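The listed protein sequences correspond, in order, to chains W and B.
Mapping the first sequence onto this note's numbering, position 210 (from 1) lands on 269, and the numbers just tick up by one.
Mapping the second sequence onto this note's numbering, position 204 (from 1) lands on 263, and the numbers just tick up by one.
Only one structure is covered here, and it is reproduced in the block below.
Protein chains: 2
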Amino acid sequence: MDKGRSRPGAAAATGAVTLSVVAERAGVSLATASRVLHGSGGRAVGDALRTRVFAAAEELRYVSNGPAQTLARATSSVVGLVVHDVADPYFSAIAAGAMRVARAHDLMVMVAATFRDPKLELEYLARLRAQRARAVLLAGSGFADPQFSERLSAEIGVFEQQGGRVALIGDHGVSADTVLPDNRGGAAEAVRHLWELGHRRIGVVAGPRELATVAQRLDGARAALRALGGQLPDEHVVEADFTRAGGRAAGIELLHRRPELTAILALNDMMAAGVLAALREDLRRPVPAEVSVIGFDDLPQAADLHPALTTVRLPLEEIGERAMRLILEDEERPEPDGGEHRNGVQLGGTPRSVHVPAVLVVRASTGAVSA
Amino acid sequence: MDKGRSRPGAAAATGAVTLSVVAERAGVSLATASRVLHGSGGRAVGDALRTRVFAAAEELRYVSNGPAQTLARATSSVVGLVVHDVADPYFSAIAAGAMRVARAHDLMVMVAATFRDPKLELEYLARLRAQRARAVLLAGSGFADPQFSERLSAEIGVFEQQGGRVALIGDHGVSADTVLPDNRGGAAEAVRHLWELGHRRIGVVAGPRELATVAQRLDGARAALRALGGQLPDEHVVEADFTRAGGRAAGIELLHRRPELTAILALNDMMAAGVLAALREDLRRPVPAEVSVIGFDDLPQAADLHPALTTVRLPLEEIGERAMRLILEDEERPEPDGGEHRNGVQLGGTPRSVHVPAVLVVRASTGAVSA
DNA sequence: CTGTTAGCGCTTTCAA
DNA sequence: TTGAAAGCGCTAACAG
Numbered sequence: 060m061d062k063g064r065s066r067p068g069a070a071a072a073t074g075a076v077t078l079s080v081v082a083e084r085a086g087v088s089l090a091t092a093s094r095v096l097h098g099s100g101g102r103a104v105g106d107a108l109r110t111r112v113f114a115a116a117e118e119l120r121y122v123s124n125g126p127a128q129t130l131a132r133a134t135s136s137v138v139g140l141v142v143h144d145v146a147d148p149y150f151s152a153i154a155a156g157a158m159r160v161a162r163a164h165d166l167m168v169m170v171a172a173t174f175r176d177p178k179l180e181l182e183y184l185a186r187l188r189a190q191r192a193r194a195v196l197l198a199g200s201g202f203a204d205p206q207f208s209e210r211l212s213a214e215i216g217v218f219e220q221q222g223g224r225v226a227l228i229g230d231h232g233v234s235a236d237t238v239l240p241d242n243r244g245g246a247a248e249a250v251r252h253l254w255e256l257g258h259r260r261i262g263v264v265a266g267p268r269e270l271a272t273v274a275q276r277l278d279g280a281r282a283a284l285r286a287l288g289g290q291l292p293d294e295h296v297v298e299a300d301f302t303r304a305g306g307r308a309a310g311i312e313l314l315h316r317r318p319e320l321t322a323i324l325a326l327n328d329m330m331a332a333g334v335l336a337a338l339r340e341d342l343r344r345p346v347p348a349e350v351s352v353i354g355f356d357d358l359p360q361a362a363d364l365h366p367a368l369t370t371v372r373l374p375l376e377e378i379g380e381r382a383m384r385l386i387l388e389d390e391e392r393p394e395p396d397g398g399e400h401r402n403g404v405q406l407g408g409t410p411r412s413v414h415v416p417a418v419l420v421v422r423a424s425t426g427a428v429s430a
Numbered sequence: 060m061d062k063g064r065s066r067p068g069a070a071a072a073t074g075a076v077t078l079s080v081v082a083e084r085a086g087v088s089l090a091t092a093s094r095v096l097h098g099s100g101g102r103a104v105g106d107a108l109r110t111r112v113f114a115a116a117e118e119l120r121y122v123s124n125g126p127a128q129t130l131a132r133a134t135s136s137v138v139g140l141v142v143h144d145v146a147d148p149y150f151s152a153i154a155a156g157a158m159r160v161a162r163a164h165d166l167m168v169m170v171a172a173t174f175r176d177p178k179l180e181l182e183y184l185a186r187l188r189a190q191r192a193r194a195v196l197l198a199g200s201g202f203a204d205p206q207f208s209e210r211l212s213a214e215i216g217v218f219e220q221q222g223g224r225v226a227l228i229g230d231h232g233v234s235a236d237t238v239l240p241d242n243r244g245g246a247a248e249a250v251r252h253l254w255e256l257g258h259r260r261i262g263v264v265a266g267p268r269e270l271a272t273v274a275q276r277l278d279g280a281r282a283a284l285r286a287l288g289g290q291l292p293d294e295h296v297v298e299a300d301f302t303r304a305g306g307r308a309a310g311i312e313l314l315h316r317r318p319e320l321t322a323i324l325a326l327n328d329m330m331a332a333g334v335l336a337a338l339r340e341d342l343r344r345p346v347p348a349e350v351s352v353i354g355f356d357d358l359p360q361a362a363d364l365h366p367a368l369t370t371v372r373l374p375l376e377e378i379g380e381r382a383m384r385l386i387l388e389d390e391e392r393p394e395p396d397g398g399e400h401r402n403g404v405q406l407g408g409t410p411r412s413v414h415v416p417a418v419l420v421v422r423a424s425t426g427a428v429s430a
């Protein structure tokens, strides 16, 4: 147990201030130091020693070695958050909500961006498992690919078996705790709004159909239109990147192909911004006088678009919060009495799902059909 | 060394797949398994064993225990990123750039949001140190508070002493590697642009002056105006939150107080969006016919504002990238021969700084003064 | 209430 | 090449 004779391992003797240095300085045992500094209960340890330990720790600017703690405790204080792209306002809003909750639980957050690459999603999940993240939140939209879903399922399975919790936002085609934004219902509402304004020839500017979010919104729009007695032929749908640029290109193409359309539903606000730009700068068609535009998400900037965007609001920050709470708190979990146990971890409890409604926000980009 | 008899510590016997399980399955020693799976050089270990180890690892879905690895190696594969607010596009753009670089280095990123609370900045820095982050990037603007700077300096000092690298974005009043956006020069350019358009009565909508970014931009504007023969009296400056709402309120107040102003410089695009909203919805003054508005940052949404915002562009993603490269790569470091060493860590090498120019982007929100 | 001690899972000498 | 074994810094029985 003598110091200064280290060989294997790494740093040491270098002056790293470890718990035992603190203990020594305070004249107490390692265990005592550990108890006062990280003692879970707060119980035990007399005042005299406690004070000395705190003092020593303070002087030495001691901070515990997180990895060592994680190793010893077999539980970490970090959670993972996997998104498609942090610079995308949709995800950064979700991230903000999720991080707020993590902060309330005193947890650090590891953020990973997949740039919509399913492979990376799997890879990051594994790395988060390697880091012993206590929980991970998959915020990206799922991919409509059964083979991928299966691998995701497997990866989630081993993560949970290892004691980690997983929550998803949106349908990923796997069974786990999920927060489900009402994509279908929201799109249906958007369509109904247009219909009531007299629009009958409606086009849709969509993102890649592999994204579950896109598929659901498209589905909701189509179903609603049909229920209303209208229809959404395939030529009325143009698919492009789920971005502003994609929206602009798709908007141009759509109106080029079907100039008679009187309204366009963009499947997210970024695309809607692109459609508005196309209408204004490329096509020179007044909105909403000649064509109405409606978006989805209600990003903060939607109200600043010109004209102010009518859209379907999703409470993004709240969605992030709910999802994080799902894995960090157990309030919403049904009684776990029936669940099987294995390795001390409850498995197979019915996955919970939280439904989040979407609400229509009418602004200035939609109007009654004129011609 | 016999298994299945654990007592202290934690998980084990539970079926956790550890390196030694893999080794056993492959019929090799722990050391060998470690070498093939994480061997730095790639050297050593015969083909036969190597293959068996890989196979075993695959079957067992083994992933190494990151914390254990970090503990043993005394170096981690995570970097920290401290921002004010992930939902703020300014920071999410920086974060995107930084994360791209981290990804290229195969590092995970821990993101912390301080919500502009200096205390939290210090706290997170300590926690990142506790997590043994290999480097941390402080992306928040500095605070003009010498006492805080001193504490920050100290915290950064111990972090570096521990072997970590630190980089800052913007002036934090401490000596460390820094990426410096040209706030002063950018603001000066903005003012010159307005001046050339004939504006002489210019107002400024500012964020909190404690933020170094705000102070610098304000400074640059004032200096430029003076150099031009004009001036910026205190009553022409209104301070508010560095947000859209703050901009809206400040815009209203400013024009209420000085209706004769013909141009407003908002110290960031979010505030500019608020000013435009105020002008359009509250004050009903046409832009740029009656008053010109210019922003700062050139967020992606600036072009979609109405009218399209003239602003000063900062290459945010690039800034994030440069900063991360500063701490992850050593390309830009001057020859380190003169630096003092301590604990094997180079200390006191002249901090590097990277200057990033700001460029004026003229769009539709500024015009020649009319009256 | 406090100290001893056996690990947590992995890396890295040192010897073979 | 390969293996044995000594830690890395901390936690948590277990005894006192």
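Think of the CB as a built atom: it goes at the ideal place given N, C-alpha and C, for glycine as much as any other residue.
All values derive from a computational prediction rather than experimental measurement.
Cβ distance (whole Å) where residue i is taken to contact residue j below 8 Å
i: W:Phe-17; j: W:Asp-328; result: Outside the displayed range of chain W (60 to 430) lies residue 17 of chain W, so it cannot be described from this structure.
i: W:Val-415; j: W:Asp-147; result: Contact doesn't hold; Cβ gap of about 19 Å is too wide.
i: B:Gly-306; j: B:Ala-271; result: Between B:Ala-271 and B:Gly-306 the Cβ distance is about 19 Å, and since that is not below 8 Å, they are no contact.
i: B:Leu-119; j: B:Val-95; result: Contact doesn't hold; Cβ gap of about 14 Å is too wide.
i: W:Ala-373; j: W:Asp-363; result: In the sequence on display, residue 373 of chain W carries Leu and not Ala. About 18 Å separates the two Cβ atoms, so there is no contact after all.
i: B:Ala-367; j: B:Ala-423; result: 4 Å
i: B:Val-371; j: B:Gly-216; result: Not confirmed; about 34 Å, so no contact.
Nearest candidate by alpha-carbon position, reference residue i, set the options
i: B:Lys-178; options: B:Thr-77, B:Ala-127, B:Leu-211 and B:Val-352; result: B:Leu-211
i: W:Met-158; options: B:Ala-172, B:Met-158 and B:Gly-156; result: B:Ala-172
i: W:Gly-333; options: W:Ala-308, W:Leu-313 and W:Gly-229; result: W:Ala-308
i: B:Val-420; options: B:Arg-251, B:Gly-266, B:Arg-303 and B:Val-297; result: B:Arg-251
i: B:Arg-243; options: B:Ala-283, B:Gly-232, B:Ser-208 and B:Val-233; result: B:Ala-283
i: W:Ala-75; options: W:Val-104, W:Leu-368 and W:Ala-116; result: W:Ala-116
i: B:Asp-236; options: B:Thr-77, B:Ser-424 and B:Glu-388; result: B:Glu-388
i: B:Ile-353; options: B:Arg-186, B:Leu-375 and B:Thr-321; result: B:Thr-321
i: B:Glu-319; options: B:Gly-279, B:Pro-374, B:Arg-344 and B:Val-217; result: B:Arg-344
i: B:Phe-218; options: B:Leu-181, B:Ala-249 and B:His-231; result: B:Leu-181
i: B:Glu-312; options: B:Pro-292, B:Leu-342 and B:Leu-291; result: B:Leu-342
i: W:Glu-248; options: W:Glu-209, W:His-231, W:Arg-188 and W:Leu-277; result: W:Leu-277
i: B:Ala-417; options: B:Gly-279, B:Glu-214 and B:Arg-303; result: B:Gly-279
i: W:Ala-361; options: W:Leu-314, W:His-315 and W:Arg-303; result: W:Arg-303
i: B:Thr-369; options: B:Leu-253, B:Arg-285 and B:Asp-106; result: B:Leu-253
Same chain, Cβ closer than 8 Å to residue i, five either side skipped, listed in chain order
i: W:Gly-426; result: Leu-256, Pro-347, Ala-348 and Ser-351
i: W:Arg-339; result: Val-346 and His-365
i: B:Glu-377; result: Gly-156 and Val-415
i: W:Glu-269; result: Phe-202, Ala-203 and Asp-204
i: B:Arg-317; result: Arg-260, Gly-262, Glu-294 and His-295
i: B:Ser-123; result: Leu-78, Leu-96 and His-97
i: B:Val-428; result: Leu-256, Gly-257, His-258, Arg-259, Thr-321, Ala-322 and Ser-351
i: B:Ser-234; result: Ser-212 and Pro-410
Nonlocal neighbours in the same chain, by C-beta distance under 7 Å from residue i, ignoring five residues either side
i: W:Asp-396; result: With a pLDDT of only 45 at W:Asp-396, under 50, the local geometry of the prediction cannot be trusted, and the value read off the model is given with reservation. Once the five neighbours on either side are set aside, W:Asp-396 has no close Cβ partner at all.
i: W:Gly-310; result: Val-264, Ile-323, Gly-333, Val-334, Ala-337 and Leu-338
i: W:Ala-161; result: Val-138, Val-168 and Met-383
i: B:Phe-150; result: Val-142, His-143, Asp-144 and Ala-198
Neighbourhood of residue i by C-beta, 6 Å cutoff - its chain only, sequence neighbours within 5 removed
i: W:Ile-38; result: There is no way to answer for residue 38 of chain W, as the model of chain W reaches only from 60 to 430.
i: B:Val-413; result: Val-238 and Arg-381
i: B:Arg-175; result: His-143
i: B:Ala-431; result: Residue 431 of chain B falls outside the range modelled here, since chain B spans only 60 to 430, and no answer is possible.
* Is there contact between the region 75-87 of chain B and the region 377-386 of chain W, where contact requires at least three CB pairs shorter than 8 Å? -> no
* **Interface positions of the region 354-366 of chain B facing chain W (Cβ-Cβ less than 7 Å), listed along the chain** => Gln-360, Asp-363, Leu-364 and His-365
* Interfacial residues, the region 124-139 of chain W to chain B, with Cβ spacing under 9 Å -> Asn-124, Gly-125, Pro-126, Ala-127, Gln-128, Thr-129, Leu-130, Ala-131, Arg-132, Ala-133, Thr-134, Ser-135, Ser-136, Val-137 and Gly-139
* Along the region 100-124 of chain W, what residues have a CB closer than 9 Å to any CB found in chain B? -> Arg-120, Val-122, Ser-123 and Asn-124
* Asked: Is the number of C-beta pairs between the region 122-135 of chain B and the region 122-129 of chain W that are closer than 8 Å three or more?
  -> yes
* Determine, using beta-carbon pairs with one atom in the region 144-157 of chain W and one in the region 100-118 of chain W, whether at least three such pairs fall under 8 Å. => no
* Asked: Per the contact definition of three or more C-beta pairs closer than 8 Å, is the region 222-230 of chain W in contact with the region 180-200 of chain W?
  -> yes
* Given a limit of 9 Å on CB to CB distance, which residues of the region 207-221 of chain W reach chain B? -> Ala-213, Glu-214, Val-217, Gln-220 and Gln-221
* Contact list for the region 151-166 of chain B against chain W, Cβ threshold 7 Å -> Ser-151, Ala-152, Ala-154, Ala-155 and Met-158
* Residues from the region 329-356 of chain W in contact with chain B, defined by Cβ distance under 8 Å -> Ala-332, Leu-335 and Ala-336
* **Residues, ordered as in the chain, of the region 175-192 of chain B that lie near chain W by beta-carbon distance below 7 Å** => Ala-185, Arg-186, Arg-188, Ala-189, Gln-190 and Arg-191
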